[in-house]
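Each residue of the sequence shown is one higher than the one before, starting from 1 at the first, in full-length UniProt numbering.
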Amino acid sequence: MSSIQVLLLCGGGSSEHEVSIVSANYIEQSLQQIDGINYLRVEMKQDGWYLADGTLCQLHLDRTLHCGDKQVVVDYVIPCVHGFPGETGDLQSMLDMANLPYLGCGAEASTNCFNKITTKLWFDAIDIPNTPYVFLSENNEQSHQKAEQALEKWGKVFVKAACQGSSVGCYSVTSKQELTEAVNNAFTFSEQVLIEKTIKPRELEIAAFEYEGELIITKPGEVAAPEDGFYSYDEKYGADSHSTTTVEAGDLTENQIEQIREFARKAFVQMKLKDLSRIDFFLSEDNEILLNEINTFPGMTPISMFPKMLEHSGKSFVGFIEQAIKRAV
Numbered sequence: 001m002s003s004i005q006v007l008l009l010c011g012g013g014s015s016e017h018e019v020s021i022v023s024a025n026y027i028e029q030s031l032q033q034i035d036g037i038n039y040l041r042v043e044m045k046q047d048g049w050y051l052a053d054g055t056l057c058q059l060h061l062d063r064t065l066h067c068g069d070k071q072v073v074v075d076y077v078i079p080c081v082h083g084f085p086g087e088t089g090d091l092q093s094m095l096d097m098a099n100l101p102y103l104g105c106g107a108e109a110s111t112n113c114f115n116k117i118t119t120k121l122w123f124d125a126i127d128i129p130n131t132p133y134v135f136l137s138e139n140n141e142q143s144h145q146k147a148e149q150a151l152e153k154w155g156k157v158f159v160k161a162a163c164q165g166s167s168v169g170c171y172s173v174t175s176k177q178e179l180t181e182a183v184n185n186a187f188t189f190s191e192q193v194l195i196e197k198t199i200k201p202r203e204l205e206i207a208a209f210e211y212e213g214e215l216i217i218t219k220p221g222e223v224a225a226p227e228d229g230f231y232s233y234d235e236k237y238g239a240d241s242h243s244t245t246t247v248e249a250g251d252l253t254e255n256q257i258e259q260i261r262e263f264a265r266k267a268f269v270q271m272k273l274k275d276l277s278r279i280d281f282f283l284s285e286d287n288e289i290l291l292n293e294i295n296t297f298p299g300m301t302p303i304s305m306f307p308k309m310l311e312h313s314g315k316s317f318v319g320f321i322e323q324a325i326k327r328a329v
């Protein structure tokens, strides 16, 4: 059997470009350990796609990757691109046009999960509890009044850009003065803004992944942000982060664990996710389980929870990548 040609895409056009590069490093280490695989790593920049040596590349709809005077027929794509266009569904739509199999969710599922408002509407529709919210579709006086009413009702809110990941464009707000600035800032990142009631939760995460035809939902891990903060972009990736992560959360009842896994499975199946996702939950002070968000291509950095939880479940990350490729090709 001839070798399988894999295209590892990384970078992208969002604020998560650099995180995507680090994730690609982790995936590349796995590809190097798989027999029967050849791969090319291509970075997506604002002005084009490039090899490490600076050669400009173009992917044609006949599956041929043109890099200078070199042409390679691609069999499989790993779209390791956090944010736009990798988690927004845009890149997946292009790969679908080329009839190219790829790792991760399809275009529609990616789009639905990337927009926080669309995601919450889905949760409501399939009866999965989530935090109370309102959403704003325009940055005008009426929207600011709506945000103020939410703040008055709930006392403390999160203002979130609807279409960003890694907590980009996310602000914790306790006053009207902070609210105006936060809403204005959030609209610079996204055309819609989500206002969510702030609760003081435990932050729990599961890895959901398909392995040799079986959907596996791990036990919940936990992220503990500083007492006076939240799991912001800097807390996730900054050198001065004070957050801690635990690959298997303690002090949960069997009923809580099973309820989290049941909600995760329901979301994965009904929202038509594929291959992998990290699904994040809150456990409120009242012991209410709330689904927070779904990340359709979670971070794969050395500190990221998805690969840690996958391996803690007894599976190999290298094996996960290998079987995903070979099942699809």
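Virtual Cβ for every residue (Gly too), placed ideally from N, Cα, C. These numbers come from a predicted model, not from an experiment.
Which parts of the region 124-155 are runs of the alpha helix (DSSP H), unbroken and 4 residues or longer, counting only runs that do not cross its ends?
The qualifying runs are 141-154.
Does the region 283-291 come close enough to the region 201-209 to have 3 or more Cβ pairs within less than 8 Å?
Contact between the region 283-291 and the region 201-209 is present, because at least three Cβ pairs lie under 8 Å.
Taking contact to mean 3 or more Cβ pairs, one atom from each stretch, closer than 8 Å, check whether the region 154-164 and the region 183-197 are in contact.
The region 154-164, when compared against the region 183-197, does touch it at the 8 Å Cβ threshold.
Can you tell me the Cα-Cα spacing of residue 13 and residue 84, whole angstroms?
Straight-line Cα distance between these residues: approximately 6 Å.
Using only the alpha-carbon positions, how far apart do residue 179 and residue 117 sit?
The straight-line gap from Cα to Cα measures roughly 19 Å.
Give the straight-line distance between the Cα atoms of residue 127 and residue 283, rounded to the nearest whole angstrom.
Straight-line Cα distance between these residues: approximately 17 Å.
Helix, strand or coil for residue 44? Go by DSSP, reduced to three states.
Strand.
Sorted by chain position, which residues of the same chain lie with C-beta nearer than 7 Å to residue 91's C-beta, five sequence neighbours on each side aside?
Counting only Cβ-Cβ distances below 7 Å, and skipping sequence neighbours, we find 79, 81 and 85.
Please report the distance separating the alpha-carbon of residue 255 from that of residue 319.
Cα-Cα distance, rounded: 31 Å.
List, from N- to C-terminal side, the alpha helix (DSSP H) runs of 4 residues or more that fit wholly inside the region 67-119.
For the region 67-119, whole alpha helix (DSSP H) runs of length 4 or above, ordered along the chain, are 90-97 and 107-114.
Is the beta carbon of residue 220 closer than 8 Å to that of residue 260?
Yes.
Sort 3, 67, 15 and 25 by Cα distance to residue 36 and report the nearest one.
When only C-alpha atoms are compared, the closest one is 3.
So the candidates are 193, 130, 155 and 168; which of them puts its Cα closest to the Cα of residue 175?
Among 193, 130, 155 and 168, the Cα nearest to that of residue 175 is on 155.
Which runs of the beta strand (DSSP E), 3 residues or longer, sit entirely within the region 178-202?
Runs of the beta strand (DSSP E) inside the region 178-202: 193-197.
Helix, strand or coil for residue 297, going by three-state DSSP, please let me know.
In this structure, residue 297 counts as coil in the three-state DSSP scheme.
Does DSSP put residue 222 in a helix, in a strand, or in coil?
Correct three-state label for residue 222: strand.
Per DSSP, which residues does residue 64 bridge with? Please list them.
DSSP lists 73 as partners of residue 64.
Less than 8 Å between the C-beta atoms of residue 274 and residue 106, yes or no?
Their beta carbons are under 8 Å apart, which means residue 274 touches residue 106 by this criterion.
My understanding is that residue 23 touches residue 321, with C-beta atoms under 8 Å, so please give their C-beta distance in whole angstroms.
Between residue 321 and residue 23 the Cβ distance is about 12 Å, and since that is not below 8 Å, they are no contact.
What does DSSP give as the partner residue(s) for residue 278 in the beta ladder?
According to DSSP, which records beta bridges pairwise, residue 278 is partnered with 207 and 295.
What is the rounded straight-line gap between the Cα of residue 52 and the Cα of residue 15?
Going by the C-alpha atoms only, they are around 20 Å apart.
Just to confirm before moving on: does the CB-CB distance between residue 208 and residue 313 stay below 8 Å?
Taking 8 Å as the Cβ cut-off, residue 208 and residue 313 do not qualify as a contacting pair.
Just the Cα atoms here: how many angstroms apart are residue 48 and residue 57?
Spanning the two alpha carbons is a distance of roughly 7 Å.
Quick one: Cα of residue 108 to Cα of residue 88, how far?
Residue 108 and residue 88: Cα-Cα distance of roughly 9 Å.
Using the beta-carbon count (16 or more within 10 Å), is residue 252 buried or exposed?
Buried.
Residue 231: buried (16+ other C-beta within 10 angstroms of its C-beta) or exposed?
Because residue 231 carries a pLDDT of 47, less than 50, the predicted location of this residue cannot be relied on, and no value is offered for it.
Taking the alpha-carbon positions, what's the residue 146 to residue 271 distance?
Rounded to the nearest angstrom, the two C-alpha atoms are 29 Å apart.
How many Å lie between residue 77 and residue 297 at the Cα?
Between residue 77 and residue 297, the C-alpha separation is close to 13 Å.
So, residue 245 versus residue 196, is the Cβ gap smaller than 8 Å?
Not a contact, by the Cβ cut-off of 8 Å.
Would you tell me roughly how many angstroms separate the C-alpha atoms of residue 32 and residue 45, rounded to the nearest one?
So the alpha carbons of these two residues sit roughly 24 Å apart.
Per DSSP, what are the beta-bridge partners of residue 5 in this structure?
Paired residues: 38.
If you run the structure through DSSP and keep just helix, strand and coil, what is residue 243?
It is coil, neither helix nor strand.
Whole angstroms is fine: what's the gap from residue 279's alpha carbon to residue 190's?
Rounded to the nearest angstrom, the two C-alpha atoms are 22 Å apart.
Using CA atoms only, rank isn't needed, just tell me which of 73, 212, 71 and 264 is closest to residue 316.
Among 73, 212, 71 and 264, the Cα nearest to that of residue 316 belongs to 212.
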